[in-house]
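J.: Numbering follows our numbering, with no gaps: position 90 of the sequence shown is 92.
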Amino acid sequence: MRLPRTIRLDQSDLQVFEHACESGEWAIPGGFVFADTDPTRLEGKAQLAFRSAWLGLASFGHATLVEVAEIEEADFFALVERLAGHIEAAYGAPSFGHALAAARHELDDAAELCGHKIGTLLSLEREPSEEGFVERFRVIEPSRAGDHAKIWEIVEDNSGDG
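So, in structure tokens, the structure goes:
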């Protein structure tokens with residue numbers, strides 16, 4: 003099973019988001035965070051989070067990029083329960099059962115985005131629409147450095163000259 007995991011290529015997330023998550027957190031797009039928000043009224047760091055951030059599931063902070071990673075099934079279901087608890091507490095789900103269904107839906111959707119090679123980077127863009135907002139995902143393929151032929155080989159020099 004695969005799921006997005008946050009990755010930090012530089013320190014910019016710490017500067018652009020009010021609450022940046024750590025590298026290595028399991029993540030979902032997390033658009034529900036903005037469900038009761040008018041995105042056209044957002045400014046600054048909140049606007050940047052709306053436009054481009056994934057939601058980390060350990061800290062519930064934001065990240066610009068995620069990578070496709072393997073997750074154990076037991077860990078996936080533990081995340082469903084963790085997210086359900088957060089949805090119930092922070093967003094007022096009517097019951098844990100409702101929150102659990104919403105969390106499962108969020109994580110299933112995130113897993114569907116991961117039909118790429120392990121290590122593939124994903125970014126997202128959100129923009130306001132008449133229905134609320136639209137999310138688009140961009141795939142950044144992993145480096146193909148390992149696919150190239152080796153042109154150098156280092157060998158020990160036993161000639162005694164040197």
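Note that the Cβ used here is the ideal one computed from N, Cα and C, for glycine as well.
Note that this is a predicted model, so its numbers are computed, not measured.
LEU5 and PHE78: beta carbons closer than 8 Å?
T.: Residue numbering aside, residue 5 sits at position 3 when the sequence shown is read from its first letter. Residue numbering aside, residue 78 sits at position 76 when the sequence shown is read from its first letter. For LEU5 and PHE78, yes; Cβs fall inside 8 Å.
J.: Rounded to the nearest angstrom, what separates GLY26 and SER61 at their Cα positions?
T.: Residue mapping note: residue 26 aligns to position 24 of the sequence shown, counting from 1. Residue mapping note: residue 61 aligns to position 59 of the sequence shown, counting from 1. Approximately 11 Å, taken between the alpha carbons.
J.: Taking the alpha carbon of GLU129 as the point to measure from, which residue in GLY32, THR42 and PRO31 has its own alpha carbon closest?
T.: The residue you call residue 129 lines up with position 127 of the sequence shown. Nearest C-alpha to GLU129: THR42.
J.: Thinking just about the alpha-carbon of each residue, which of THR66, ILE30, ALA71 and ASP40 is nearest to the one in LEU16?
T.: Locating residue 16 in the sequence shown gives position 14, where the first residue counts as 1. Minimum Cα distance to LEU16 is reached at THR66.
J.: Would you kindly work out how many angstroms separate the C-alpha atoms of THR122 and ASP38, rounded to a whole number?
T.: Against the sequence shown, residue 122 aligns to sequence position 120. Against the sequence shown, residue 38 aligns to sequence position 36. Distance between the alpha carbons of THR122 and ASP38 is about 32 Å.
J.: Starting from the C-beta of LEU102, find all residues in its chain whose C-beta is less than 8 Å away, skip the five residues before and the five after it, and write them out in chain order.
T.: Within the sequence shown, numbered from 1, the residue matching residue 102 stands at position 100. Correct list, in chain order: VAL82, GLU83 and ALA86.
J.: Would DSSP call ILE30 helix, strand or coil?
T.: Counted from its first residue, the sequence shown places residue 30 at position 28. Residue state, collapsed to three classes: strand.
J.: If HIS64 sits next to HIS21, beta carbons under 8 Å apart, how far is it from one beta carbon to the other, in whole angstroms?
T.: Taking the first residue of the sequence shown as 1, we reach residue 64 at position 62. Taking the first residue of the sequence shown as 1, we reach residue 21 at position 19. That pair is a contact at about 6 Å.
J.: What is the rounded straight-line gap between the Cα of VAL136 and the Cα of GLU24?
T.: In the sequence shown, the residue the question calls residue 136 occupies position 134. In the sequence shown, the residue the question calls residue 24 occupies position 22. So the alpha carbons of these two residues sit roughly 26 Å apart.
J.: Helix, strand or coil for ALA147? Go by DSSP, reduced to three states.
T.: Counting from one through the sequence shown, the residue named residue 147 turns up at place 145. Bear in mind that the predicted position of ALA147 carries a pLDDT of just 44, short of 50, making it too unreliable to give a figure here.
J.: For PHE19 versus ALA51, is the C-beta spacing smaller than 8 Å?
T.: Position 17 of the sequence shown, counting from 1, holds the residue named residue 19. Position 49 of the sequence shown, counting from 1, holds the residue named residue 51. In this structure, the beta-carbon distance from PHE19 to ALA51 falls below 8 Å.
J.: Pull up the DSSP beta-bridge partners for HIS64, would you.
T.: The residue you call residue 64 lines up with position 62 of the sequence shown. Its beta-bridge partners are ALA22 and LEU57.
J.: Confirm, please, whether the CB-CB distance from SER54 to LEU126 is below 8 Å.
T.: Counted from its first residue, the sequence shown places residue 126 at position 124. Counted from its first residue, the sequence shown places residue 54 at position 52. Cβ atoms of LEU126 and SER54: closer than 8 Å.
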